[in-house]
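Residue numbers (my numbering): 7 to 186.
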């Protein structure tokens, strides 16, 4: 466990010390997102997420985002399911000329804790799922001198089980606290 901590700490030190003008920690924005996970044609889940841009890595355009989310829907067999999770994601931003809109792509890792009700035993089952996220396309539009942002995003979520893999669409609003 201590060895893992040292590896992670060493990685973050490298990220921050590569070029101090282009890398650093801070809370650059907070956003909320809501959307749908489409797992299969008969299985759609709703989710709500809170995300924060917390660091720039190697460049002002490469951002580290931390996210926490809650969701609900049905499992592939029709049983109710609830999830709580979070993850860390890297996003690369492409700004327009006026710096008021940004397209982005990226990816990262997520971890979800699922709670399913098993109808046969009338009990709850808890399950942990590791997911790999690919942000296929995302867009931020800034308003009010860059303080407020609206965002839309489509990502592919790949899980270790069939019901953890989904196409995710989300819309959201956020607040920017400054430029990194």
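Positions of the beta carbon are idealized from the N, C-alpha and C atoms, including for glycine.
May I ask you to check if the CB of residue 94 is nearer than 7 angstroms to at least one heavy atom of the ligand ADP?
-> In the structure on display, the ligand ADP does not appear, and there are no ligands present to speak of.
Which residues in the same chain as residue 33 place their Cβ atom closer than 7 angstroms to its Cβ, once the five residues preceding and following it in sequence are excluded?
-> 58, 60 and 183
Residues bridged to residue 51 [DSSP beta-bridge criterion] = 43
Just curious, the beta strand (DSSP E) that residue 75 is in, first and last residue?
-> 65-80
Whole-angstrom distance between residue 83 and residue 111, CA atom to CA atom | 33 angstroms
Look at the Cβ atom of residue 119, then the Cβ atom of residue 132, and state whether they are nearer than 8 angstroms.
-> yes
Could you give the DSSP three-state label for residue 168: helix, strand or coil?
-> helix
Could you tell me if residue 108 is buried or exposed, where buried requires 16 or more neighbouring beta carbons within 10 angstroms of its beta carbon?
-> buried
If we ignore side chains and look at the alpha-carbon of each, how far apart do residue 66 and residue 54 end up?
-> 27 angstroms
What three-state label does DSSP hand residue 1 in the structure shown?
-> Here the chain covers residues 7 to 186 and nothing more, so residue 1 does not appear.
Mind reading off the beta-carbon distance from residue 122 to residue 99? Whole number of angstroms is fine, and I expect it under 8 angstroms.
-> No, residue 122 and residue 99 are not in contact; Cβ-Cβ is about 37 angstroms, not under 8 angstroms.
Would you mind working out which of 75, 173, 147 and 39 sits nearest residue 102, comparing C-alpha positions?
-> 147
Using only alpha-carbon positions, find the residue among 177, 180, 168 and 179 that is nearest to residue 49.
-> 168
CB residue 137 to CB residue 96, shorter than 8 angstroms?
-> no
Contacts around residue 81, its chain only, beta-carbon distance under 8 angstroms, and the 5 residues preceding and following it disregarded = 49, 87, 122 and 169
Using CA coordinates, which residue listed in 44, 38 and 71 is at the minimum distance from residue 171?
-> 44
Is residue 105 helix, strand or coil by DSSP?
-> coil
Backbone CA spacing between residue 150 and residue 156 [nearest angstrom] = 11 angstroms
Rounded to whole angstroms, what's the CA-CA distance from residue 160 to residue 130? Just pull it up for me.
-> 31 angstroms
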